[in-house]
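In the numbering used here, the protein residues as written are 711 to 920. Glycine residues also receive a C-beta, built at the ideal position from the N, C-alpha and C atoms. On a predicted model such as this, the values are computed, not experimentally measured, just so you know. Following: one structure in structure tokens, then a few remarks.
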């Protein structure tokens with residue numbers, strides 16, 4: 711199995727008043743720098759799916775992929791964009807693994823555990839779970855399903871990620887709580903949706919709201 715990592719950052723951030731979450735200050739840089747580094751430690755090839763100005767991300771040294779489904783079609787459009795990009799690369803990728811830009815504590819062993827779940831069954835979708843909840847955008851996806859996914863998205867009623875997953879063979883892996891830099895146990899899939907959330911994430915990471 712050869713896998714490319716895809717950071718999904720194509721949303722509209724409505725609860726953040728339209729601010730681009732990827733550019734929010736976090737740790738020693740921006741949230742995108744943190745998430746990119748965390749994913750790159752697991753997979754050597756990482757690309758960013760965003761509909762923002764790509765010049766903001768040139769310093770990452772990674773490809774920037776835009777949705778080609780019009781109208782902000784949600785995470786599935788980003789997953790499709792990642793699949794299409796991976797299929798065109800010379801590295802013969804069989805899968806992509808997606809993570810969300812707004813989830814800075816996702817497990818350092820995400821790929822290790824999800825890939826174990828599909829050994830011998832590469833057509834199966836594997837997704838993450840924690841605290842009894844599924845996190846469908848944290849998934850390992852066979853790119854062989856990209857044409858079917860494009861047809862699925864042609865119907866603008868087909869936008870929910872779980873509906874797509876449930877229509878295919880799939881499995882999940884339950885991740886335990888993780889400790890942040892401050893030693894505080896937290897859900898590894900804590901995600902940033904509001905200004906209060908980014909303050910909480912910074913406090914959990916560094917012990918400071920700044």
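Using C-beta distances below 7 angstroms, list every residue in its chain close to residue 860, excluding the 5 sequence neighbours before and after it, in chain order. Here residue 860 corresponds to residue number 150 of the chain shown, with the count starting at 1. Here the set comprises 790.
Continuous beta strand (DSSP E) assignments of at least 3 residues falling wholly in the segment 735-822: Counting whole runs of 3 or more residues, the segment 735-822 contains the beta strand (DSSP E) stretches 756-760, 805-810.
Taking the straight line between their C-alpha atoms, what separation do you get for residue 745 and residue 733? Counting from one through the chain shown, the residue named residue 745 turns up at place 35. Counting from one through the chain shown, the residue named residue 733 turns up at place 23. When rounded, the distance between both Cα atoms is 11 angstroms.
Reference residue 844; option with closest CA among 871, 830, 828: Start at 1 with the first residue of the chain shown, and residue 844 comes out as number 134. Nearest C-alpha to residue 844 among 871, 830, 828: 871.
Close beta carbons around residue 740, own chain, < 7 angstroms, minus the five adjacent residues each side: Position 30 of the chain shown, counted from the first residue, corresponds to residue 740. The answer, listed in chain order, is 732, 733, 734.
Looking only at DSSP bridge pairs, what is residue 851 linked to? As a first step, residue 851 must be located in the chain shown, where it is residue number 141. Answer is 806.
Exposure of residue 768, with buried meaning 16 or more beta-carbon neighbours within 10 Å: Indexing the chain shown from 1 puts residue 768 at position 58. Counting Cβ neighbours within 10 Å, residue 768 comes out exposed, since fewer than 16 surround it.
Taking 8 angstroms as the cut-off, decide whether the C-beta atoms of residue 719 and residue 758 are in contact. To locate residue 719, count along the chain shown from 1; it is residue 9. To locate residue 758, count along the chain shown from 1; it is residue 48. Yes; because the gap between Cβ atoms is below 8 angstroms, this pair is in contact.
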